[in-house]
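In my numbering, the protein residues as written are 4 to 430. C-beta: ideal position from N, C-alpha, C; glycine also.
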């Protein structure tokens, strides 16, 4: 029973499956469409607009006027499931979902700038069909984190700027999966539903250096965020002498920490038309070694309370991602962009789940910016993402010798098309 319950509650925190995002692990990258066009290469070193508030808070010092930016990213995921060990279907498990963002920045004087941003760093809606063979390991998940970030930047001298912004992060989620009643002297299936939420603080900090007139270097640190999710575990449809005792609601608590990220990049202005970008991002996914959940008021079965406290070993690994890109200033109104990125999965075949069946990624991006006036810019971007084949092999879960959650194994081949649009207005 230990393995079953943790896989249920786990998705409240790590269910942010990036199958529908341009980031790997549980991350989302859709906080800037102008950066999306170069596959986010140069995100920490090129302050193109107010979206630098996320990419590098120090970049606010590069903005000469007040700016308002609003935009949205859309990702259409394609998930092919092959060699499944149980009845399954290959319908869309990731609905088309918008990822919005908004920023405002303004100079206070020549050296100080301030701003505020609202964006989504993590998010998920995954919905397998009812006949999915892995529904006992995960059928429906919805998780989102919304972040509000007030920010200040300071220009130390003509070449060096720093920036800092506390983050206020709201997480909420819902999860549904099934249990097999017939394996435990019952009939039909038990529905297990989880809801929870929390608000926690973190921060983003950065430094931006103009090494030469042509070369800029940026470094951004996104802090860890510690959550204590409070919610409920609700069980319905339990049948028989075992699952019949589960029906009801229980208070649930889950401690979870999102990892630190360090982003370093270079921007090199080759001439008046060409600009080159390169960057690397380190993510401390090794924080996700084990998840522990506590449930209150759980029933005693066979003299035990098997779901009072449970844990699951994840054994995720730290990762590096790399990106290169270029932009071409076609004329004063139009800039064209392209980029390519490699993004490693933190999960190996031994610990990958149906909720997060991600593999190593290759990402190709195209983008453009159009400035019909000096006060307005419209940015568009397209991205194609392709993952290496990812294997899932989850073992069955037993209670008193009965297989209440059959195992599931399959090969996932994931790809996605991403579109983004944003509008910047300066005044």
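{"Item": "Cut-off 8 Å between Cβ atoms - residues of its own chain near residue 11, not counting five sequence neighbours on either side", "Value": "Low local confidence applies: a pLDDT of 38 at residue 11 is under 50, so the model's placement there is unreliable, and no value is given."}
{"Item": "Residues that residue 193 bridges to, as DSSP identifies them", "Value": "182"}
{"Item": "The stretch 204-220 / the stretch 241-255 touching (three or more Cβ pairs under 8 Å)", "Value": "no"}
{"Item": "Test item: CB-CB of residue 3 and residue 426 under 8 Å", "Value": "Missing from the structure shown is residue 3; the chain here goes from 4 to 430 and no further."}
{"Item": "Residue closest to residue 137, alpha-carbon to alpha-carbon, out of 428, 268, 50, 397", "Value": "397"}
{"Item": "Nearest-angstrom Cα separation, counted from residue 369 out to residue 340", "Value": "6 Å"}
{"Item": "Cβ contact (3+ pairs, closer than 8 Å) linking the stretch 109-124 and the stretch 51-68", "Value": "yes"}
{"Item": "For residue 411, the three-state DSSP class (helix, strand or coil)", "Value": "strand"}
{"Item": "Whole runs of the alpha helix (DSSP H) within the stretch 70-139, excluding any shorter than 4 residues", "Value": "none"}
{"Item": "Residue 384 to residue 104 span [Cα, whole Å]", "Value": "15 Å"}
{"Item": "Buried or exposed by the 16-neighbour rule on C-beta atoms within 10 Å, applied to residue 292", "Value": "exposed"}
{"Item": "Sequence-distant residues of the same chain with beta carbon closer than 8 Å to residue 375, five excluded per side", "Value": "336, 381"}
{"Item": "Residue burial classification, residue 333 (beta-carbon count within 10 angstroms, cutoff 16)", "Value": "exposed"}
{"Item": "Euclidean distance between Cα positions of residue 79 and residue 424", "Value": "15 Å"}
{"Item": "Where the alpha helix (DSSP H) containing residue 58 begins and where it ends", "Value": "55-58"}
{"Item": "Whole-angstrom distance between residue 296 and residue 9, CA atom to CA atom", "Value": "Bear in mind that a pLDDT of 37 at residue 9, under 50, signals an unreliable position, so the model cannot answer this."}
{"Item": "CB-CB length for residue 256 against residue 233, believed under 8 Å", "Value": "6 Å"}
{"Item": "Cβ neighbour criterion (16 or more within 10 Å) applied to residue 18", "Value": "Since pLDDT at residue 18 reaches only 40, below the 50 mark, its modelled position is unreliable, and the value read off the structure follows with that caveat. It is buried - the Cβ of residue 18 has at least 16 other Cβ atoms within 10 Å."}
{"Item": "Contact set for residue 51: own chain, Cβ-Cβ below 6 Å, skip 5 residues either direction", "Value": "37"}
{"Item": "Local conformation of residue 222 per DSSP, three classes", "Value": "strand"}
{"Item": "Backbone secondary structure at residue 62 - three-state DSSP", "Value": "helix"}
{"Item": "Range of the contiguous alpha helix (DSSP H) that encloses residue 37", "Value": "36-39"}
{"Item": "6 Å CB neighbourhood of residue 110 in its chain, flanking five on each side removed", "Value": "116"}
{"Item": "Identified DSSP bridge partners for residue 332", "Value": "338"}
{"Item": "Inter-residue CB distance, residue 176 and residue 184 (contact presumed, cutoff 8 Å)", "Value": "Their Cβ separation, rounded to whole angstroms, is 26 Å, which puts residue 176 and residue 184 out of contact at 8 Å."}
{"Item": "Host beta strand (DSSP E) of residue 365 (start-end)", "Value": "364-376"}
{"Item": "DSSP three-state assignment for residue 237, whether helix, strand or coil", "Value": "strand"}
{"Item": "Distance, residue 167 Cα to residue 212 Cα", "Value": "15 Å"}
{"Item": "At least three beta-carbon pairs within less than 8 Å, the stretch 121-133 to the stretch 142-156", "Value": "yes"}
{"Item": "Buried versus exposed, by CB contacts within 10 Å (16 or more), residue 277", "Value": "exposed"}
{"Item": "Per-residue burial, residue 271 [other beta carbons within 10 Å of its own, 16 or more giving buried]", "Value": "buried"}
{"Item": "Separation of residue 318 from residue 290, as counted between CA atoms", "Value": "9 Å"}
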